[in-house]
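*Asks:* Residues 13 to 441 in my numbering are what the sequence shown lists, from first letter to last.
Please read through the structure below; I'll follow up with questions.
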Amino acid sequence: MSEVKMEDIVSLAKRRGFVYQGSEIYGGLSGTWDYGPLGVSLKRNIMNLWWDMFVDSRDDMYGVDAAILMNQKVWQASGHVDTFTDPLVECGECKSRFREDQIDTSKCLNCGKEGSFSEARQFNMMFKTNVGPVDDESSVSYLRPETAQGIFTNYRNIVDSFYPDLPFGVGQVGKAFRNEISPRDFVFRSREFEQMEIEYFVHPGNWEESFEHWRQQVWEWLKALGLPEDKVHELEVPEEDRAHYSKRTIDFEFDYPIGRKELLGLAYRTDFDLMNIQNSAGKSMEYTIKGTNEKFVPHVIEPSFGVERALMAVLVSSYREDEQNGEKRVFLALPHHLAPVKYCVSPLLKNKPELVEKAREVYQALKKKHGNVMWDDNGNIGKRYRRQDEIGTPYCVVIDFDSLEDNTVTIRDRDTTEQKRVTISEITE
Ligand code: ATP
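So this is what it looks like as structure tokens:
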């Protein structure tokens with residue numbers, strides 16, 4: 013089919029209850045998004061898949077869930093207070109503000125005035141707040157702009173509680189906040205978003221091996237999301253474009269409808285963060301190899317995944333249009349393990365109590381087995397199928413009069429639209 017358009021994704025997401033504009037009822041709040049019932053389910057499926065792959069199923073990984081508000085010293089030591097900035101320019105004519113590196117600065121995008129932009133100034137992207145009732149410098153804190161620091165600040169605790177062998181990693185999933193100058197492109201660049209990050213602690217001499225390991229793991233992740241391999245591209249980030257802490261970075265970019273853009277990053281952060289903590293907190297971050305006297309501050313490989321950008325890539329790559337019986341059909345060919353609803357169950361007719369009763373039995377049994385199963389008895393069967401296709405439900409099950417006689421049902425496949433007759437026990441046991 014032809015290329016997917018961004019407006020198709022945004023409109024389906026809103027119409028079917030995946031993603032709504034944040035605070036929409038009051039005219040919105042730029043850069044914020046609310047997840048509806050299907051969006052939250054898809055998002056959780058992505059986050060749970062990640063946790064399962066990278067934390068629960070590995071012997072060398074630990075999970076944490078650190079506080080979003082942290083002592084301001086964290087952000088001073090990490091360099092975020094001084095350097096977590098983007099270059100901001102302002103139009104002298106209409107006062108619109110833009111991120112300099114994202115626009116052509118010869119002409120204002122808003123009012124069209126030529127040569128109206130100011131010199132760029134560095135704008136810090138952290139949201140500042142005060143903790144407690146006193147509003148002074150000592151109470152300043154920030155909403156975390158990355159989850160990583162919540163891992164680094166707990167590194168010592170985890171080493172002391174679990175005595176892990178090196179290499180080992182710590183994973184965290186949670187909200188991050190950045191006061192982006194120009195939030196845009198649906199959830200791609202939000203001011204409040206969700207990250208899934210791993211800090212993998214290694215012997216300094218072995219960083220390349222671990223970097224390669226995580227590069228492969230990233231590809232496994234992309235496969236598990238069902239993204240087409242030819243839409244993902246590795247970009248070796250040149251030194252001048254790398255974050256202040258990184259000695260090597262690969263951006264994994266995805267061909268979104270808005271262009272080829274960063275989906276996730278893999279960085280070698282050296283011992284930058286642990287050394288900063290050691291120096292500023294005055295506590296040793298050294299690791300001692302068991303049974304030896306060899307001591308050093310571990311180096312770090314960081315795969316950093318964004319939930320929203322993954323969700324957007326999943327929606328884009330599963331969006332399909334085809335024709336069924338002369339009518340256009342839209343469907344989401346979501347991988348089954350990510351689909352928000354696994355089965356939809358309907359009685360053929362909703363005014364026949366015996367059909368409804370039997371359908372309820374099947375519904376309960378499927379719900380017990382698969383969790384997220386939907387009941388739909390609105391409109392005719394064709395309309396029900398269209399609705400389920402649009403939200404990516406892999407199977408629709410219909411209970412009819414034959415079901416009462418022989419315990420079989422019709423099951424329809426989302427992708428092929430083929431219908432088969434199966435026994436109830438085949439799908440519920
Ligand atoms: P960009 O260059 O696009 O601003 P970045 O390089 O600053 O992104 P990182 O600091 O490497 O991003 O953050 C790690 C991951 O967090 C990104 O790969 C992305 O998936 C996600 N992420 C970062 N900023 C945002 C945002 N504003 N909205 C949604 N996701 C984001």
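A virtual CB, placed ideally from N, CA and C, is assigned to each residue, including glycine.
#1: Count the other CB atoms within 10 Å of the CB of Leu81; is the residue buried (16 or more) or exposed (fewer)?
#2: Which residues does DSSP pair with Ser46 in a beta bridge?
#3: Heavy atom of the ligand ATP less than 7 Å from the Cβ of Leu275, yes or no?
#4: Can you find the residues in the same chain that come closer than 6 Å, C-beta to C-beta, to Val249, ignoring five residues on each side of it along the sequence?
#5: Is Thr420 helix, strand or coil when you go by DSSP?
#6: Go ahead and pull the three-state DSSP assignment for Glu105.
#7: Below 6 Å CB to CB, which residues in the same chain sit around Gly91 once its five sequence neighbours on both sides are set aside?
#8: How is the alpha helix (DSSP H) around Tyr375 delimited, first residue to last?
#9: Just to confirm, is the Cβ distance from Leu344 to Ile411 under 8 Å?
#10: DSSP puts Ile210 in a beta bridge; with which residues?
#11: Out of Cys408, Gly383, Val385, Asn384, point me to the one whose CA is closest to Lys395's CA.
#12: Going by the DSSP bridge assignment, what does Arg133 pair with across the sheet?
#13: Whole angstroms are fine: how far does the CA of Lys140 sit from the CA of Ser194?
#14: What is the rounded straight-line gap between the Cα of Lys432 and the Cα of Glu366?
#15: Taking the straight line between their C-alpha atoms, what separation do you get for Gln33 and Asp177?
#16: What is the C-beta distance between Arg426 and Arg341, in whole angstroms, given that I count them as a contact (C-beta under 8 Å)?
#17: Please work out which residues of its chain come closer than 7 Å, Cβ to Cβ, to Arg281, disregarding the five sequence neighbours upstream and downstream, and give them in chain order.
#18: Following the continuous alpha helix (DSSP H) through Gly394, name the residue where it begins and the one where it ends.
#19: Are there 16 or more other CB atoms within 10 angstroms of the CB of Pro406, so buried, or fewer, so exposed?
#20: Rounded to whole angstroms, what is the Cα-Cα separation between Leu360 and Thr440?
#21: By the three-class DSSP mapping on this structure, what secondary structure does Glu322 have?
#22: Just verifying my parser: in three-state terms, what is the DSSP assignment at Met13?
#23: Would you grab the beta carbon distance between Glu102 and Ser130 for me? Rounded to a whole angstrom, and I think it's under 8 Å.
#24: Any contact between the segment 189-206 and the segment 217-227? By contact I mean 3 or more CB pairs, one from each, below 8 Å.
#25: Go ahead and pull the three-state DSSP assignment for Leu350.
#26: Using CA atoms only, rank isn't needed, just tell me which of Arg254, Arg321, Met297 is closest to Asp267.
#27: To the nearest whole angstrom, what separates the beta carbons of Met297 and Arg168, a pair I think is in contact under 8 Å?
#28: Thr95 by DSSP, collapsed to three states: which one?
#29: Quick check on the DSSP output: the alpha helix (DSSP H) that includes Met287 runs from which residue to which?
#30: Go ahead and pull the three-state DSSP assignment for Lys273.
#31: Residues bridged to Ser316 by DSSP?
#32: Here's the rule I'm using: 16 or more other beta-carbon atoms within 10 Å means buried, otherwise exposed. How should Cys120 be labelled?
#33: Can you tell me whether Glu192 sits near the ligand ATP, meaning its C-beta is under 7 Å from at least one heavy atom of the ligand?
#34: Taking only the alpha-carbon atoms, compute the straight-line gap between Leu239 and Leu327 and give it to the nearest angstrom.
#35: Please state if the CB of Gly162 and the CB of Gln134 are separated by a distance shorter than 8 Å.
#36: Are Gly43 and Glu158 close, meaning C-beta to C-beta below 8 Å?
*Replies:* So, from the listed chains and residues:
#1: exposed
#2: A quick correction: the sequence has Asp, not Ser, at residue 46. Paired residue(s): Tyr32.
#3: yes
#4: Thr261, Asp263
#5: strand
#6: coil
#7: His256
#8: 365-382
#9: no
#10: Gly183
#11: Cys408
#12: Leu100
#13: 18 Å
#14: 22 Å
#15: 45 Å
#16: That pair is no contact at about 10 Å.
#17: Tyr257, Ser258, Val312, Glu314
#18: 393-403
#19: buried
#20: 19 Å
#21: Checking the displayed sequence, the identity of residue 322 turns out to be Ala instead of Glu. Here Ala322 sits in helix by DSSP.
#22: At Met13 the pLDDT is 47, less than 50, meaning the model places this residue with poor confidence and gives no usable figure here.
#23: 5 Å
#24: no
#25: coil
#26: Arg321
#27: 6 Å
#28: helix
#29: 284-293
#30: strand
#31: Glu209, Gly277
#32: buried
#33: yes
#34: 10 Å
#35: no
#36: no
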